[in-house]
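Trainee: For the record, in the sequence shown the residue sitting at position 238 is 813 according to the numbering used here, with numbers rising by one throughout.
We put the CB at the ideal spot given by N, CA and C, even for glycine.
Predicted, not measured: the structure shown is a model, and the values here were computed from it.
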Amino acid sequence: MPILCGQAAAGVLAPSIGGQVREAGTLQDAARMVEEDPAETLVVIGPDAPIGDALAFASTLRLHRPAVGVILARDQVDVALLTHALRAGVREVVPADDPMALAAACQRSGEVSRRLIGAAGPDAPAPPGRDGQVVTVFAAKGGCGKTTFAINLGVALARDAGLRVCVVDLDLAFGDVAISVQLEPARTVVDALPMAGHLDRTGASSLLTRYRPNLDVLLAPVTPGDAEKIPPSLVTELLGVLRGLFDYVIVDTPAQFSEHVLTAMDASAHHVLLTTPDVPALKNLRITLDMLDLLSYPRQIRSVVLNRADSKVGLGLDDVERVVRWPVAAHIPSSRDVPVSVNRGEPLALSHPGHPVSQAIGKFARLRLTAAGDPAAVSRSRGRARGRRRMA
Ligand SMILES: Nc1ncnc2c1ncn2[C@@H]1O[C@H](COP(=O)(O)OP(=O)(O)OP(=O)(O)O)[C@@H](O)[C@H]1O
Ligand SMILES: [Mg+2]
């Protein structure tokens with residue numbers, strides 16, 4: 576989403592930039608916003624920014640983020656200003672009182688950015704520092720806590736580890752990530768349809784909804800019937816592009832082995848399989864483990880997580896491991912604070928980072944995802960796009 580820097584004339588300039596705009600009070604704020612958002616492609620600097628600072632800002636960006644266009648809106652435009660501006664790498668200088676000129680400049684700049692980014696292509700290697708891991712969170716029985724876990728894991732990774740994280744709501748028909756964190760689903764997966772087959776990073780970024788610093792969400796469609804329009808190939812494409820933008824892409828799933836879920840698993844470096852300590856959930860987990868074996872997904876990338884581990888009605892840890900014949904990698908305690916936090920629309924990891932549930936999810940993130948030398952890391956590169964193809 577374009578950044579508009581400066582207060583003066585913001586009301587006049589913002590509508591000309593098109594779509595939604597993020598306002599930055601100062602150039603320092605704008606620099607921070609660009610830094611935090613690798614998909615950003617446009618900064619418009621209003622007339623109140625000191626010209627020397629604006630030019631220094633542009634020349635720094637030109638070196639470090641050449642795909643980001645800088646447009647200067649000034650009260651007066653003369654030849655000397657144009658010369659200095661172009662030398663500094665400013666894409667265009669427009670009169671602050673000419674909304675049409677600004678709109679046209681923004682469009683041209685967008686085209687340049689798209690070409691610069693598109694030259695790399697969606698399958699191009701991720702820029703330095705971004706070769707993201709896709710983590711699919713799955714349970715074949717509904718209500719095991721997938722959505723709760725996925726969101727809190729995203730919060731923990733983005734905050735504790737300072738990583739760029741995207742949570743993808745792949746529960747296409749009944750996704751509830753948006754409602755769980757009180758986000759307005761203005762853009763959803765369904766908006767990717769026109770880009771299918773040529774989705775690039777700019778296009779993928781335009782689908783995202785910012786939730787917290789470092790944490791974006793790709794929301795599920797809201798209109799009934801939209802879910803069926805999404806082909807599994809689009810999921811592959813989306814996850815491939817998002818990996819280039821984020822350190823971790825956490826995929827929340829529906830409670831069935833749909834083609835979309837298997838597609839996400841193909842793209843994943845980690846499979847997190849959730850269960851609760853009750854017989855139906857454990858039976859479904861056992862079937863899931865057999866199914867993943869049958870499809871030849873590597874076992875090393877699997878983590879079984881026992882949610883509501885200490886619930887009094889449930890089975891003990893030993894019973895769980897005996898029934899599913901798989902070690903439990905993490906236990907998340909049961910707490911009424913979890914549904915309370917969902918109803919409030921604020922993940923527990925955000926409102927209460929010290930809560931035992933938040934701590935358990937944070938510990939899982941550290942031990943299984945971010946720790947150097949974790950067992951799953953060994954097979955990450957081999958972990959993608961494997962088994963089903965071999966079986967086909
Ligand atoms: N550790 C926990 N302690 C107490 N309640 C929990 C815990 N984890 C999840 N819940 C509650 O269980 C319910 C189901 O959780 P959630 O929606 O995350 O599950 P899900 O697997 O995504 O469900 P669905 O299959 O419907 O998508 C919610 O009311 C949630 O608040
Ligand atoms: Mg869910």
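#1: From Phe832, Ser755 and Gly627, pick the residue whose C-alpha is nearest to that of Val917; which is it?
#2: Asp673: which of Ser780, Leu656, Asp766 and Leu647 sits nearest, CA to CA?
#3: Whose C-alpha, out of Val730, Phe632, Thr851 and Val765, is nearest the C-alpha of Pro799?
#4: With C-beta atoms as the reference, is Gly644 less than 7 Å away from Ser688?
#5: Which whole-angstrom value describes the C-beta separation of Lys721 and Asp827, a residue pair presumed to lie in contact below a C-beta threshold of 8 Å?
#6: Please confirm whether any heavy atom of ligand 4 lies closer than 6 Å to the CB of Val913.
#7: What does the alpha-carbon distance come out to for the pair Asp744 and Pro829?
#8: Taking the beta strand (DSSP E) that Thr658 falls in, what are its first and last residues?
#9: In angstroms with no decimal places, state the Cα-to-Cα distance between Trp901 and Val880.
#10: Nearest to Ile521 by CA position, among Asp822, Thr658, Ser926 and Ala614, is which residue?
#11: Between Pro613, Pro622, Val816 and Thr616, which has its C-alpha nearest Thr601's C-alpha?
#12: Give the secondary structure of Phe832 by DSSP, where H, G and I count as helix, E and B as strand, and everything else as coil.
#13: Is the CB of Tyr823 under 7 Å away from at least one CB in chain D?
#14: Mind checking which residues open and close the alpha helix (DSSP H) that includes Arg861?
#15: Measure from the alpha carbon of Leu890 to the alpha carbon of each residue in Lys858, Gln875 and Tyr872, then state which is nearest.
#16: With a threshold of 8 Å, are at least 3 pairs of Cβ atoms found where one atom belongs to the stretch 717-731 and the other to the stretch 847-864?
#17: Going straight from the alpha carbon of Gly920 to that of Ala946, what length do you get?
#18: Hey, is the stretch 927-941 in contact with the stretch 729-744, meaning 3+ C-beta pairs nearer than 8 Å?
#19: Is it right to say Ala935 is buried, meaning 16 or more other beta carbons lie within 10 angstroms of its own, or is it exposed?
#20: Measuring alpha carbon to alpha carbon, tell me which of Glu667, Met840, Pro855 and Val665 ends up nearest Ser878.
#21: Would you mind reading off the limits of the alpha helix (DSSP H) that contains Phe632?
#22: What do you reckon, is the C-beta of Cys741 under 6 Å from a heavy atom of ligand 1?
#23: Just to confirm, is the Cβ distance from Met608 to Gln595 under 7 Å?
#24: Rounded to a whole number of angstroms, what is the C-alpha to C-alpha distance between Ala795 and Ser781?
#25: State yes or no: is the C-beta of Asn918 nearer than 6 Å to some heavy atom of ligand 1?
#26: Taking the alpha-carbon positions, what's the Gly581 to Ala663 distance?
#27: Could you check the C-alpha separation between Glu611 and Glu803 for me, to the nearest Å?
#28: At which residues does the beta strand (DSSP E) containing Thr945 begin and terminate?
#29: Cα separation between Leu691 and Ala905?
#30: Taking the straight line between their C-alpha atoms, what separation do you get for Ala699 and Val816?
#31: What would DSSP say about Val587, mapped onto helix, strand or coil?
#32: Tell me where the beta strand (DSSP E) around Ile805 begins and ends.
#33: Please report the straight-line C-alpha distance between Pro873 and Val836, rounded to a whole angstrom.
#34: Starting from the Cα of Asp801, find the closest Cα among His773, Glu812, Ile825 and Ala767 and give me that residue.
#35: Let's see if you can read the secondary structure: which residues bound the beta strand (DSSP E) around Pro914?
#36: Can you give the Cα-Cα distance for Arg883 and Asp706, rounded to whole angstroms?
Mentor: Checking against the coordinates, here is how it stands:
#1: Comparing Cα positions, the closest option is Ser755.
#2: Scanning Ser780, Leu656, Asp766 and Leu647 for the CA closest to the CA of Asp673 turns up Leu647.
#3: Minimum Cα distance to Pro799 is reached at Val765.
#4: Going by C-beta atoms, Gly644 is nearer than 7 Å to Ser688.
#5: Here Lys721 really is in contact with Asp827; their C-beta atoms are around 6 Å apart, less than 8 Å.
#6: Ligands present in the displayed structure are limited to ligand 1 and ligand 2, and ligand 4 is not among them.
#7: Roughly 9 Å between the two C-alpha positions.
#8: Counting along the chain, Thr658 falls outside any beta strand (DSSP E), though it belongs to the alpha helix (DSSP H) covering Val654 to Ala663.
#9: Approximately 10 Å, taken between the alpha carbons.
#10: Absent from the model: residue 521. The displayed extent of the chain is 576 to 967, so no value can be given.
#11: Looking at the Cα atoms, Pro622 is the closest of the given residues.
#12: Here Phe832 sits in coil by DSSP.
#13: In the displayed structure, chain D is absent; only one protein chain is listed.
#14: Element bounds for Arg861: Val854 to Leu869.
#15: It is Lys858.
#16: At 8 Å Cβ cutoff, the stretches touch.
#17: Distance from the CA atom of Gly920 to the CA atom of Ala946, rounded to whole angstroms, is 30 Å.
#18: By the Cβ criterion, the stretch 927-941 is in contact with the stretch 729-744, since at least three pairs of Cβ atoms, one from each stretch, lie closer than 8 Å.
#19: A buried status is given to Ala935, since no fewer than 16 other beta-carbon atoms sit within 10 Å of its beta-carbon.
#20: The residue from Glu667, Met840, Pro855 and Val665 with its alpha-carbon nearest to that of Ser878 is Met840.
#21: Phe632 -> alpha helix (DSSP H) spans Ile626 to His639.
#22: Not under cutoff, so the answer is no.
#23: No, Cβ-Cβ distance for Met608 and Gln595 is not below 7 Å.
#24: Here the alpha carbons of Ser781 and Ala795 stand approximately 14 Å from one another.
#25: The closest heavy atom of ligand 1 lies 6 Å or more from the beta carbon of Asn918.
#26: In a straight line, the C-alpha of Gly581 is about 19 Å away from that of Ala663.
#27: Their Cα atoms are separated by approximately 34 Å.
#28: Element bounds for Thr945: n/a, residue is neither H nor E.
#29: For Leu691 and Ala905, the distance between alpha carbons rounds to 43 Å.
#30: Low per-residue confidence applies at Ala699: pLDDT is 47, beneath 50, and the placement is therefore not dependable enough to give any value.
#31: Val587 falls in the helix class under three-state DSSP.
#32: Segment: none, Ile805 is in no beta strand (DSSP E) and carries neither H nor E.
#33: For Pro873 and Val836, the distance between alpha carbons rounds to 16 Å.
#34: Closest option to Asp801, Cα to Cα, is Ala767.
#35: Careful: Pro914 lies outside any beta strand (DSSP E), inside the alpha helix (DSSP H) at Asp912 to Arg919.
#36: The C-alpha of Asp706 is placed about 33 Å away from the C-alpha of Arg883.
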